Structure formats: C-alpha cells, structure tokens
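Undergrad: Mind looking over this structure? Questions follow.
As structure tokens, this is what we get:
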C-alpha cells in the first residue's frame, strides 16, 4: 500500500477577511450545498485540494466561527512557476456556515526551524483547544537530525506541536517532539509516525492517536501540558491496513474511523473509510461483526466507500456536531475525471467534501449508507435548526439463481475452461469443492502469467458469489498470496475480488485493472472490503449500463464470514462489455492452496 508523496517547496503567507458567502450550487442559497465545498484563496480563486482536513471551532466568537486545516500540498493549478509547484504549508480556512470557506493563512511560512528537515512534509494537522490555548499537532515526515536516532535519514517521521492564542495563528512550534521517530530496524528503517488525533475523556485525561501502515496505529496518554506523551503506547490498528485515525465518543462507546489503501492514485484511488468501536479510548476497537481492527484477520466496517458516482478515494475524515446536534464528517476524495494536479509529479487532487452522519443501532451511517454525495444536500445548522430525518438506506437487491456449481463431481463442468494451459484443479473423493494450488504467478499490469479458470457470463445485471477457503498460515506471506474471483475482458481489463494473505495480514481486496491508459497514469487500483473467515464468501454485483454511468458497468463488492451477514464495500466502474468472463484465480506465490466450495451466478433484480 502506498501513501502520500514526500514534498519539497516553500509556501507564502496571505490573509483574507471573511467575505460574503457565495452559492456552491444552483439550489437556493443558505439551504443546501453540493460537494465539493468551495475554499476561496486570497485572490478569489478556488483552492482545488484540502487533504487530511481537520476542524476547530473558535471558542471566543458568537455566532460560531470555524477553522479548517489541510495537509501540506499544492492547492491551485495557478500556483506553479519555473521552480515547480507551490506547496502550501498546512493552509487554514475560516467559515461561519461550514460550507463556504475563506483563506486565512498558511500555518507556517517555512518549515519549523530545528524540528523539520529541509525537505520535510508537514501533514495531517490536528487542532485542539486545551489549557486555555490552541494547539496544532502535525506530522513531520523528516525530522531535523538533532531529533533523530539515526542522522541523515529522510524517513524519520514524528509528531510535533505548535501553540497559539488564536485558531488563526501565528503558531509557535514547541522545541521538542511530542512523539519522536520510532525505529523499526537498523539504519534508516522507521515506523510511520503520522496522523495525530487528540481526544479527551470525561475525567479530563487526553489521549493521542498516531501511526500508519508501517507499524500500525497506536494510542498513548497525552501529558497535561499537551507537549509530550506518557506511559506505554497501545497498538489499536493492524500494520499495513490503516491510517488517519479519528476517534469520537458517542453514547457509551468510543468510535475509531480510519482509512485504508492508497490515498493518492489519481483516477484509480480506492481509499475508503472504516469504523470500529470500543468501551474505552485505548480500545480494542471491534467492527459490527466483532472483528478486531488490530487482528491478523483485520476488522473494520466500511462506512464511506465509493459508489460509482464521480467521487472515489473518500477518507481521512474529521467528525463534528452542528448547532442542532446533528453529526457530520468532512473528508477528502478524488474526482475520477480530474484526479491529478500533475500526472508527471503524481500529485493527486483531493477536494473537500461534507456528508451527514446518523447513528443507527449504535453505529455511524454516513449519507444514509449511499457513499459520498454528489447531489444537493441540506446544510449543517449554525443556529440550532430542527433536525431532519435520516436519508433512506439503500435497499439490498434480490436475485434469481441462474446456475450453481458445488464442484461435487469427478471433473470440471463443461462451462469451465482454462485461459492458460497447464493449470489443473483437483477433487477430493467424497468431498465437494475444487482445490487449486496457488501459483508463483500473477495477473497484474504487465505480469499476466496466472492461470484463470474461466466461464462465460450471461447478459444483463448479475450477482456472482463464491465460497472459498485459503489454506495459508495466518502469518503468511512475503508474497501477496490470493485467491478468488475476476470478471475480465482480458488480462489487462478486469475487476478482482480476492482473499489476500500478505505480510501477516488477511483481508478481502477489491481491485481494478485498466488498459490502455495515458502516459504516466496508473493501470491498477484497489480497495478493501470486510473481514475474511476460515471460510470466506465473496460477492460481486454487476450493473450493466445503469443510469448516469455514461455506458459504464458498475461492479460492487461484498464479503461475508458466514454467507448470511454480508458487508458491502466499494464500487468500481469499468467497461468490460457483454462478453466479459468470470474467472477463478489462485496466485501470488506457490506452496499454498485454495478450496472453492461453490460458485454461483444469479440475475439481479432492479
């Protein structure tokens, strides 16, 4: 899994007083908004990106004034010269209506002296009011050598903090780090100490969450002065799975929102948001099915997954309540038709989005479970307006069976054939199921060596399901061993839903490969779904030429641990056509096996 790129440039400071709010959609002003939200720069132009957004309310103003903080990034196509892109050092915006935002300043005019290395990124700001002052926690991707256990490294990330008498700054950086770089091995091998988040419990104790894919997410008690951590860190999210923790208390539980996969892959970004809950701020955090977010079979309920509209890669959120008590979340996402500032520099454009949260049966539901919104929505309340009823949840479509294969004969049914010769499946006497050995082969970009057991698919909207068991140790594997389903036009155009064993983690991956693409564009992107079990059920719902899809098909992933309780994941769009085939794969590394208990195809009802 990839994360953000490391950036180098300087950003200038500018200020702008609050201006009259402009309409963000054609709907009547003051009642609705449409994503993305407008962020106005000092020259009146729009900021095109606000990655890793975080929110703070000014404690001194009435009516309320809100401040939005964004990660260090380019924000405008105009801000580029012969030296390259202008990277604003954590820009700050201000709003009185939570929809229209106006630039205040960059948090810093240069990297904090003595804390950050000369090329460090300043990421994921976390603003907090405590001890009668404003604190701004942030990631430093490369600390100054004076703060590193290994001199000359560029990957020794840490958490720093600055303070101010105002949420608008200016900010004074503390001379010591809150969380120092954490070595994961000899030399310049460090865990990713990213993405700070601060919460306070009912007794006045504060907790700091930090970490990312390399090493996992941790929580540690924050000292009273807010400038250091105390006690031992507790790992609450699995390595190689989550980043960007956002923890809130609702009712008797603490809820951790966290994001997964690559945030920044342009039009193939599959980043998505997941949630678990705990009885205390130190976890453990379990999802709806009772799976631990720190376990090898990693838990996490999808709570904001792409749905086939313009928005993909939705995640790294911040959560708040409006004046009426309604819960909301800001987050960044990617417009799949305008994914990059620059393909050559791999600078993904991540605008600011907003959607409401409702709490149903003790769990957060964002935008009624419909994914990121791209139509007009009612605005947050700023003066205690009455709440509206939650959006109607999407209905789970029913399906009519077309065929089912339990592989209970002595040979394959005639519907199946191998795309590449030489592979074979075996049948155990008296036992249903097809056993396939995993190959040291793959079906990824230019490596198209894996065998695929393929079958033709009927026309129309379909539901494809499989039940499988991946026979590999839980601590497996150095290579990404995987088994499951593909729907493919050819080796370079498909969607893939598999159980994946890699680096001691088991998860369900949902990928998309596309070719041809323009120079510099990615060909493969992925997201993840629910938690695999001893046996795992996989499902792909195929909607062909659905309304508003510009001739694209929509492929939606589901997974289950028992075949009854299904977890819905994200949707990839593709153009695989009516001749697409269903395939079974077992690949990534040799020495293991998968048993397919059954595979079925049904007709989806509209």
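Residue numbers (the working numbering): 801 to 1406.
C-beta: ideal position from N, C-alpha, C; glycine also.
Treat the numbers as computed from the prediction; the structure is a model and nothing was measured.
For residue 996 versus residue 924, is the C-beta spacing smaller than 9 Å?
TA: yes
Undergrad: Where does the unbroken beta strand (DSSP E) through residue 1056 begin, and where does it stop?
TA: First-last of the beta strand (DSSP E) with residue 1056: 1053-1060.
Undergrad: Check whether the region 847-865 and the region 904-913 are in contact - that is, three or more C-beta pairs closer than 8 Å.
TA: Taking a cut-off of 8 Å for Cβ pairs, the region 847-865 and the region 904-913 do not touch, as fewer than three such pairs fall below it.
Undergrad: Would you mind sorting residue 1160 into buried or exposed? The rule is 16 or more other CB atoms within 10 Å of its CB.
TA: exposed
Undergrad: Quick one: Cα of residue 782 to Cα of residue 1394, how far?
TA: The displayed coordinates of the chain run from 801 to 1406. Any statement about residue 782 would go beyond what the structure contains.
Undergrad: Around the Cβ of residue 975, are there at least 16 other Cβ atoms within 10 angstroms (buried) or fewer (exposed)?
TA: exposed
Undergrad: Whose C-beta lies closer than 8 Å to the C-beta of residue 1183 among residues of the same chain, with five residues either side of it excluded?
TA: 863, 1123
Undergrad: Any idea what DSSP makes of residue 947, helix, strand or coil?
TA: DSSP places residue 947 in helix when its eight states are reduced to three.
Undergrad: Using the Cα positions of residue 825 and residue 1074, report the straight-line distance between them to the nearest angstrom.
TA: With a pLDDT of 34 at residue 825, under the threshold of 50, the modelled position of that residue is not reliable, and the figure given next carries that caveat. Each residue's alpha carbon lies about 29 Å from the other.
Undergrad: Going by the DSSP bridge assignment, what does residue 938 pair with across the sheet?
TA: 960
Undergrad: Can the beta-carbon of residue 1307 be found less than 9 Å from the beta-carbon of residue 1278?
TA: no
Undergrad: If I follow the unbroken beta strand (DSSP E) through residue 1100, where does it start and stop?
TA: Looking at the DSSP string, residue 1100 is not in any beta strand (DSSP E), and its letter there is neither H nor E.
Undergrad: So does the region 1206-1214 actually touch the region 1268-1275, counting three or more Cβ pairs closer than 8 Å?
TA: no
Undergrad: Pick helix, strand or coil for residue 1167, following the three-state DSSP scheme.
TA: helix
Undergrad: For residue 1377, which three-state DSSP category applies?
TA: coil
Undergrad: Is DSSP giving residue 1068 helix, strand or coil here?
TA: helix
Undergrad: In terms of residue numbering, what span does the beta strand (DSSP E) encompassing residue 1013 cover?
TA: Here residue 1013 belongs to no beta strand (DSSP E), and DSSP marks it neither H nor E.
Undergrad: What separation, rounded to the nearest whole angstrom, lies between the Cα atoms of residue 1311 and residue 994?
TA: 26 Å
Undergrad: Please go through the same chain and pick out, in chain order, the residues whose beta-carbon is closer than 7 Å to the beta-carbon of residue 1242, but skip the five residues on each side of it.
TA: Setting aside the 5 residues that flank it on each side, residue 1242 is surrounded in the same chain by 1249, 1250, 1387, 1388, each with a C-beta closer than 7 Å to its C-beta; the list follows chain order.
Undergrad: Taking the alpha-carbon of residue 1039 as reference, which of 1095, 1003, 1081, 1051 has the nearest alpha-carbon?
TA: 1095
Undergrad: Pull up the DSSP beta-bridge partners for residue 1299, would you.
TA: 1283, 1308
Undergrad: Going by DSSP, what residues sit across from residue 1196 in a beta bridge?
TA: None, per the DSSP bridge assignment.
Undergrad: Around the Cβ of residue 1173, are there at least 16 other Cβ atoms within 10 angstroms (buried) or fewer (exposed)?
TA: By the neighbour-count criterion, in which 16 or more other beta carbons inside 10 Å mark a residue as buried, residue 1173 falls on the buried side.
Undergrad: From residue 1227 to residue 1234, what distance separates their C-alpha atoms?
TA: Their backbone Cα atoms lie some 6 Å apart in a straight line.
Undergrad: Here's a check: name, in chain order, each residue in its chain whose Cβ is nearer than 6 Å to the Cβ of residue 1383, leaving out the five neighbours to either side.
TA: 1252, 1254, 1286, 1288
Undergrad: Name the DSSP bridge partner or partners of residue 1178?
TA: 832
Undergrad: Leaving out the 5 sequence neighbours to the left and right, which residues in its chain are closer than 8 Å to residue 1150 when beta-carbon positions are compared?
TA: Non-local beta-carbon contacts of residue 1150 in its own chain, meaning distances under 8 Å to residues more than five positions away in sequence, involve 849, 850, 851, 873, 1063, 1064, 1113, 1132, 1133, 1134 in chain order.
Undergrad: Is the region 925-944 touching the region 955-975, taking contact as three or more C-beta pairs under 8 Å?
TA: yes
Undergrad: Using DSSP's beta-bridge definition, name the partner residues of residue 868.
TA: 855, 893
Undergrad: Please tell me whether residue 1375 and residue 1261 are closer than 9 Å, where the distance is taken between their beta carbons.
TA: no
Undergrad: My output table needs one value for residue 1049: the three-state DSSP class, helix, strand or coil.
TA: strand
Undergrad: DSSP three-state call for residue 827: helix, strand or coil?
TA: Because residue 827 sits at a pLDDT of 37, beneath the cut-off of 50, its placement in the model cannot be relied upon, and the point is left open.
Undergrad: Thinking residue 1072 and residue 1115 are a contact (beta carbons under 8 Å), I'd like their distance in whole angstroms, please.
TA: Rounded to the nearest angstrom, the Cβ distance from residue 1072 to residue 1115 is 6 Å, consistent with a contact under 8 Å.
Undergrad: Helix, strand or coil, according to DSSP, for residue 1273 in the structure here?
TA: coil
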